[in-house]
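The listed protein sequences correspond, in order, to chains A and B.
With positions in the first sequence counted from 1, the corresponding number in the numbering used here is that position plus 166.
With positions in the second sequence counted from 1, the corresponding number in the numbering used here is that position plus 166.
Cβ coordinates follow ideal geometry from the N, Cα and C atoms, glycine included.
All of these numbers come straight from a predicted model, not from anything done at the bench.
Notes follow the structure.
Protein chains: 2
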Amino acid sequence: MPFSELPPGPDPWPAPESRPLFTSAHLEVTQVCQRTPTRPQGAEWTVVHRKNACVIAARTHGGEFIVVRQERIPIRAALWEFPAGQVDESGLPTEALLRETALRELQEESGYRLAPGGELLPLGHFFSSPGFSDECIHLFLAQPVEPAPAGATPAEGEAITACRTLPAQELAGWIARGDIRDANTLAAYARLCALEQNPAAP
Amino acid sequence: MPFSELPPGPDPWPAPESRPLFTSAHLEVTQVCQRTPTRPQGAEWTVVHRKNACVIAARTHGGEFIVVRQERIPIRAALWEFPAGQVDESGLPTEALLRETALRELQEESGYRLAPGGELLPLGHFFSSPGFSDECIHLFLAQPVEPAPAGATPAEGEAITACRTLPAQELAGWIARGDIRDANTLAAYARLCALEQNPAAP
Numbered sequence: 167m168p169f170s171e172l173p174p175g176p177d178p179w180p181a182p183e184s185r186p187l188f189t190s191a192h193l194e195v196t197q198v199c200q201r202t203p204t205r206p207q208g209a210e211w212t213v214v215h216r217k218n219a220c221v222i223a224a225r226t227h228g229g230e231f232i233v234v235r236q237e238r239i240p241i242r243a244a245l246w247e248f249p250a251g252q253v254d255e256s257g258l259p260t261e262a263l264l265r266e267t268a269l270r271e272l273q274e275e276s277g278y279r280l281a282p283g284g285e286l287l288p289l290g291h292f293f294s295s296p297g298f299s300d301e302c303i304h305l306f307l308a309q310p311v312e313p314a315p316a317g318a319t320p321a322e323g324e325a326i327t328a329c330r331t332l333p334a335q336e337l338a339g340w341i342a343r344g345d346i347r348d349a350n351t352l353a354a355y356a357r358l359c360a361l362e363q364n365p366a367a368p
Numbered sequence: 167m168p169f170s171e172l173p174p175g176p177d178p179w180p181a182p183e184s185r186p187l188f189t190s191a192h193l194e195v196t197q198v199c200q201r202t203p204t205r206p207q208g209a210e211w212t213v214v215h216r217k218n219a220c221v222i223a224a225r226t227h228g229g230e231f232i233v234v235r236q237e238r239i240p241i242r243a244a245l246w247e248f249p250a251g252q253v254d255e256s257g258l259p260t261e262a263l264l265r266e267t268a269l270r271e272l273q274e275e276s277g278y279r280l281a282p283g284g285e286l287l288p289l290g291h292f293f294s295s296p297g298f299s300d301e302c303i304h305l306f307l308a309q310p311v312e313p314a315p316a317g318a319t320p321a322e323g324e325a326i327t328a329c330r331t332l333p334a335q336e337l338a339g340w341i342a343r344g345d346i347r348d349a350n351t352l353a354a355y356a357r358l359c360a361l362e363q364n365p366a367a368p
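Pasting the structure below:
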């Protein structure tokens with residue numbers, strides 16, 4: 167079974183021949199020979215497999231966004247980001263599992279939860295770096311959210327150092343100035359901006 | 167020398183102890199023990215190192231965006247994306263090298279070039295997946311662009327199957343409907359949207 171599975175596309179390519187090169191707890195590197203529409207004889211590629219993940223853009227009753235500051239070891243810096251995290255199971259996740267993951271990460275990382283009568287809207291998915299990895303990130307908008315009685319309960323191994331709310335105009339300023347610089351938050355913001363201009367789209 | 171280097175931050179963490187686990191032509195996996203502000207004793211992490219890359223949002227005289235359709239083997243699908251590519255050298259790239267890379271990728275993938283009097287504006291950088299990789303992508307806006315006499319000259323190993331221009335409103339529609347789903351294009355679009363709301367920001 168593959169480490170992760172991809173959302174079904176309109177015209178999926180056949181599964182490639184695949185040979186494992188390296189495996190750790192959080193990623194798997196394989197060498198594949200993939201047939202593609204322009205390369206029917208197959209092309210060789212090194213692929214890093216990762217589990218699916220979820221990002222949650224969460225807004226309070228007042229419309230402010232929730233952001234958390236997280237230490238990110240691979241880039242040796244802490245970033246302000248929307249809450250996010252991996253889906254526990256490998257394989258193609260169900261819609262229910264994605265929703266559960268998004269809300270779990272929101273509560274664990276920020277201490278917020280969906281308010282009574284609030285809604286969790288899917289905003290589609292994106293690929294973080296499809297030139298070398300199959301990592302697929304599912305986007306959600308939760309509104310309104312409110313503080314949960316349990317507060318934040320960060321997972322082992324993560325280091326969230328702060329959480330705050332941010333008015334929409336201030337979030338735009340942070341993005342314009344380059345203070346938001348993770349793909350998750352930028353991708354969610356891009357979808358939200360595009361949807362504002364195309365309210366009937368999803 | 168590290169496989170890639172990171173843009174200088176305001177308060178950089180010390181370089182970690184690092185042990186190679188796996189290396190191929192396009193990536194390097196290492197096990198690091200990184201000291202962080204909340205973990206001064208050091209935390210163990212598996213990191214995938216990648217070269218820096220550039221993405222170029224290019225607009226014609228009429229304001230239309232250039233998008234290319236590219237086969238992406240790791241996700242077994244072709245995506246419509248802004249032109250993009252890796253910086254040839256490893257290590258921290260100069261501003262000049264980033265500009266050269268952005269314009270090279272534009273010409274190679276789409277056959278367009280900066281028009282006389284056109285400008286190439288940096289839009290900052292982002293990290294594609296800072297939970298497991300140090301991949302850093304530098305964003306540019308080029309305008310206006312025009313067809314280059316040489317046309318497109320795709321690099322070996324890439325498969326660009328189409329190129330077209332897209333009015334801004336149509337790009338927003340593609341993003342809203344989930345037809346654009348790579349982090350590069352979404353991150354560039356997020357910065358452009360945020361800058362429209364904060365013209366004085368960069």
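*asked:* Taking 6 Å as the limit between beta carbons, can you name the residues of its chain near H227 of chain A, skipping five residues before and five after?
replied: P310
_Neighbourhood of S299 of chain A by C-beta distance below 8 Å, restricted to the same chain and skipping five residues each side_ = V213, V214, H215, R216, F293
*Are the C-beta of I241 of chain B and some C-beta of chain A separated by less than 9 Å?*
yes
*Whose C-alpha, out of B:A262, B:T204, B:F188, is nearest the C-alpha of E324 of chain A?*
B:T204
_G290 of chain B versus T260 of chain A - alpha carbon distance_ = 36 Å
*How about F248 of chain B: is its C-beta nearer than 9 Å to some C-beta of chain A?*
no
*To the nearest angstrom, report how far apart L280 of chain A and D177 of chain B are at their CA atoms.*
35 Å
*Pairwise C-alpha distance: E271 of chain A and A224 of chain A*: 11 Å
*asked:* Just to confirm the assignment, what range does the beta strand (DSSP E) spanning E237 of chain B have?
replied: 231-238
_Length of the line joining the Cα atoms of R201 of chain B and P180 of chain A_ = 43 Å
*asked:* Given this structure, state the Cα-to-Cα distance separating C329 of chain A from R347 of chain A, to the nearest angstrom.
replied: 17 Å
*asked:* Please confirm whether L357 of chain B has its beta-carbon closer than 9 Å to some beta-carbon of chain A.
replied: Reading off the sequence shown, one finds Arg at residue 357 of chain B, where the question assumed Leu. Chain A, which has a Cβ nearer than 9 Å to the Cβ of R357 of chain B, makes this yes.
_Closest Cα partner of L287 of chain B within the set B:E210, B:A268, B:V234, B:R343_ = B:A268
*Assess, as a yes-or-no matter, whether the segment 244-258 of chain B is touched by the segment 331-351 of chain B under the definition of 3 or more beta carbon pairs within less than 8 Å.*
yes
*What distance in whole Å lies between the Cβ atoms of A360 of chain A and A342 of chain B, which are believed to be in contact at a cut-off of 8 Å?*
4 Å
*Classification of T196 of chain B by the beta-carbon crowding that lies within 10 angstroms, buried from 16 upward*: buried
*Strand pairing of D348 of chain A, partner residues [DSSP]*: B:F293
_Can you tell me where the alpha helix (DSSP H) holding L272 of chain A begins and where it ends?_
261-276
*P320 of chain A to I326 of chain A span [Cα, whole Å]*: 7 Å
*Reducing DSSP to helix, strand and coil, say where E370 of chain A ends up.*
This structure gives no information on residue 370 of chain A, because the portion of chain A shown stretches from 167 to 368.
*For Q236 of chain B, does the count of other Cβ atoms within 10 angstroms reach 16, so buried, or fall short, so exposed?*
buried
_Measuring only the C-alpha atoms, how far is V233 of chain A from L332 of chain A?_
7 Å
*asked:* Just list the residues that DSSP pairs C199 of chain B with in beta bridges.
replied: B:E183, B:E210
*DSSP state of A250 of chain B, grouped into three classes?*
strand
*Could you give the C-beta distance for C302 of chain B and G251 of chain B, rounded to a whole number, given that I count them as a contact under 8 Å?*
About 14 Å; that fails the 8 Å criterion.
_First and last residue of the uninterrupted beta strand (DSSP E) at I326 of chain A_ = 326-332
*Opposite F298 of chain B in the DSSP bridges: which residues?*
Answer is none; F298 of chain B lacks a bridge partner.
*Under the three-state reduction of DSSP, which class applies to L172 of chain A: helix, strand or coil?*
coil
*What span of residues does the beta strand (DSSP E) with E225 of chain A cover, start to end?*
Per the sequence presented here, residue 225 of chain A reads as Arg, with Glu not at that position. Taken as a continuous stretch (DSSP letters only), the beta strand (DSSP E) holding R225 of chain A covers 219-226.
*Name the chain A residues whose beta carbon is nearer than 8 Å to that of A268 of chain B?*
Within 8 Å Cβ-Cβ: nothing; A268 of chain B doesn't reach chain A, min ~16 Å.
*Give the straight-line distance between the Cα atoms of A334 of chain A and E362 of chain B, rounded to the nearest whole angstrom.*
14 Å
*Out of B:L263, B:E312, B:L307, which has the shortest C-alpha to C-alpha gap to S276 of chain B?*
B:E312
*asked:* For a quick check, are the C-beta atoms of S190 of chain B and L358 of chain A less than 9 Å apart?
replied: no
*Does V253 of chain A come within less than 9 Å of chain B when only Cβ atoms are used?*
no
*Can you list the residues of chain B that R265 of chain A reaches, using a CB-CB cut of under 9 Å?*
Chain B residues near R265 of chain A: none, gap ~17 Å exceeds 9 Å.
_Please report whether the beta-carbon of H291 of chain B lies at a distance below 9 Å from any beta-carbon of chain A._
yes
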